[in-house]
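Notes follow once the structure below has been shown.
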Amino acid sequence: MHGLTSRGARFLNSSLPLQQNLNPHLKQPFTNCQPPTDTLRNNTQILTDRLHAQSQMTDSSFVQAQRRVAARRQTREAEAAARIAAQRQSSRPRANLERLPYPLNRIGSAWDAVSTREGTRPAFRVGQVDAELLDVELLDILKDQVCEGLKYFGGGHLHDDWSAEIMLALRAVLFKLTVWDHDATYGAALQNLKYTDARNDALILKAPSKWQKSLYGLVTVFGSYGWTRWEDWLLEHDDGYDEPSPRLKRLSRLTSALSTMHSAAACVSFLVFLLHGRYRTLLDRILRMRLAPPTSQVSREVSFEYLNRQLVWHAFTEFLLFVLPLIGIQRWRRWLTRTWRKTKDMIRTGPQEEGKANGEYAFLPERTCAICYQDQNNATSENEVMAAAVSSGVVGSAQTDITNPYETISCGCVYCFVCLATRLEREEGEGWTCLRCGEHVKECKPWSGGLLEPSAKHASAKTVAFSDDITGGVLVDEQDDGSLVESMSIASEQA
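First residue of the sequence shown: 1, per full-length UniProt numbering; consecutive thereafter.
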């Protein structure tokens, strides 16, 4: 305020010379008026008073508007109550029911509560049903996780033998962490709903009492466990081979009747819930607990963002399933594996020397199949193989010896036929890296065993000679060659 006053004073002081110049007949500037600072202070006070009066007027107008809205609401409720009362009075069965004794004259009120919607507030029926489905889904997920963790204990049947106890523990933990501590399950919390005491008709929602939550946990946790164990006991004693006892038959019929009655009552309760939207389950109706939003400022809009995200991921996975077979991911994987193996061998063994094999299993003896040895042993380096040979006395074993030998066409390394054919077929024509020499192999053939194959003369070969060179049907050159070979063999025997 002081800064505003000083600025106003400076403005008035700066405007005085301007006023004197504009009015030449004015010899002295406003000598009879109040000081500029006092004038500005008075104007500021007047403006403040006006704003305060306007705010008071606005507050009073808002209060009056609220009163008018409440009066209109009360008027509508009174008109609806009068209309309902007139309908009840005009109904003869209603009048006859009211003349009955006390326990029976409440039938009309109960019927009115069920058949009409008067006096009920708007409720999120879809949200309450979704909350129940989310709770069931959460319990199933936790059960699957626990069963997955216990499948290696007790021969794999531990989760089957103790499934009822597992569900009891999960329900107890969830009840303690949700309804008992926060008055809402996880599904209800996601739907912005909380359990309230429906016995309180005030506008302010009241949390359920301790005994309501205790009974709720007793029925949902221990009641479900007890009913499951009771049904298991009946099934164990009624195996289907022996005739059950009369007592067991009566218990089975009683159990079936109770289950049928509960299902029918739950169905009727759910139909009433669809009409009024107050109590989602039969247990909630008995305990007078209902799910309601903690605040009235709740958006009724449904967000489909999660659905859009799910559709995007679904389309992406379908696209990958369509594209991956066209790309040939197995071929690229083999190429990367082969390249990585070659790079690792080069780093480990250094540059290949001329005339020396540089394969991964070049140190193995010739009688050992490198593929069989690779499948049956974890040792990959020469030092590891030699250490194993020192302990056993031999490199390899009878299981790793070559059976039905075949050799590679490019390098001539020998392997088992089945092993070599399997590796070449697995590569689908891309070639396979030899384990002994490291060369790229695409074909194989039977092993010749180191024998020299004689060069067979062509059947259609002809010899042309003069008649003078033929002696007894044999060429002279051929006869000389035969005598030369015979003389060399005799000389070698004498030596």
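Positions of the beta carbon are idealized from the N, C-alpha and C atoms, including for glycine.
Item, Value
"Expected contact under 8 Å - CB spacing of leucine 287 and tyrosine 225 to nearest Å", "Going by Cβ atoms, the distance from leucine 287 to tyrosine 225 rounds to 19 Å, so no, they are not a contact pair."
"With 16 other Cβ atoms within 10 Å as the buried cut-off, status of alanine 65", "exposed"
"Buried or exposed by the 16-neighbour rule on C-beta atoms within 10 Å, applied to cysteine 267", "exposed"
"Residue range of the unbroken alpha helix (DSSP H) whose run includes proline 405", "It is not in any alpha helix (DSSP H) - proline 405 instead sits in the beta strand (DSSP E) that spans 405-408."
"Selection from Gly154, Thr255, Leu193, Trp162 that minimises the alpha carbon distance to phenylalanine 124", "Leu193"
"Which residues DSSP lists as bridging tyrosine 225, in chain order", "DSSP output for tyrosine 225 lists no bridge partner at all."
"Burial state of proline 208, where buried means 16 or more other Cβ atoms lie within 10 Å", "buried"
"Residues of its chain near threonine 31, where Cβ-Cβ distance is below 7 Å and the 5 sequence neighbours each way are ignored", "Any answer about threonine 31 is weak, because its pLDDT of 42 lies below 50 and its placement is not dependable; what the coordinates show is given next. Cβ within range, chain order: n/a, list empty."
"Arginine 290, enclosing alpha helix (DSSP H) - first and last residue", "Counting along the chain, arginine 290 falls outside any alpha helix (DSSP H), though it belongs to the beta strand (DSSP E) covering 289-292."
"Residues bridged to tyrosine 373 (per DSSP)", "According to DSSP, tyrosine 373 bridges with nothing at all."
"Three-state secondary structure assigned by DSSP to histidine 157", "coil"
"Backbone secondary structure at threonine 368 - three-state DSSP", "strand"
"Spatial neighbours of serine 410 in its chain, beta-carbon cut-off 6 Å, leaving aside the 5 residues before and after", "Glu439, Val441"
"Nearest-angstrom Cβ-Cβ length linking arginine 367 and isoleucine 402, presumed shorter than 8 Å", "6 Å"
"Three-pair Cβ contact test at 8 Å for the segment 180-197 versus the segment 133-146", "yes"
"Where the alpha helix (DSSP H) containing residue 535 begins and where it ends", "Nothing can be reported for residue 535, as the shown portion of the chain is limited to 1 through 495."
"Between the CA atoms of leucine 142 and phenylalanine 153 - distance to the nearest angstrom", "18 Å"
"Residues near alanine 86 by beta carbon distance below 8 Å, same chain, minus five either side", "none"
"Beta-carbon gap between cysteine 437 and cysteine 413 smaller than 7 Å", "yes"
"Exposed unless 16 or more other CB atoms sit within 10 angstroms - verdict on arginine 278", "buried"
"Reduced DSSP secondary structure (H/G/I, E/B, other) of aspartate 183", "coil"
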